[in-house]
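Trainee:
Residue numbers (our numbering): -12 to 101.
1) Determine the direct distance from the alpha carbon of residue 58 to that of residue 80, and round the result to whole angstroms.
2) Helix, strand or coil for residue 6? Go by DSSP, reduced to three states.
3) With a 10 Å radius around its C-beta and 16 neighbouring C-beta atoms as the bar for buried, classify residue 33 as buried or exposed.
4) Roughly how many angstroms lie between the CA atoms of residue 92 and residue 60, to the nearest whole one?
5) Helix, strand or coil for residue 48? Go by DSSP, reduced to three states.
Here it is as structure tokens:
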């Protein structure tokens, strides 16, 4: 596999990785206009936590909000988000990480693997 180096030269730690898992997380959430750009940070952190990986091993595009709509009695719009992600899997863990993702995303359309 390939090697990733984290940290400054001379003090970097190395992590071998073997495969890249790509997918999409679809999410519906009530999010104020001012916070739509901030959604990617907790989504990326959460995915890293679910997989028990360093956050640097999870790459995620900004979630693009679409279809804002107000529900009766609410002041914050419900929006649809799509987050594309890639996970750099440590050597020998790709299969177990895919199983973990499948368990975590059992209820469609939460996630689609590319």
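Don't be surprised by glycine CBs; every beta carbon is placed ideally from N, CA and C. Everything numeric in this text was worked out from a predicted model, so none of it was measured.
Mentor: Let me spell this out:
1) Cα to Cα, the separation comes out at about 42 Å.
2) Note: residue 6 maps to strand in three-state DSSP.
3) Residue 33 is exposed by the Cβ-count criterion.
4) So the two alpha carbons sit approximately 30 Å from each other.
5) In the displayed model, residue 48 falls within coil according to three-state DSSP, outside both helix and strand.
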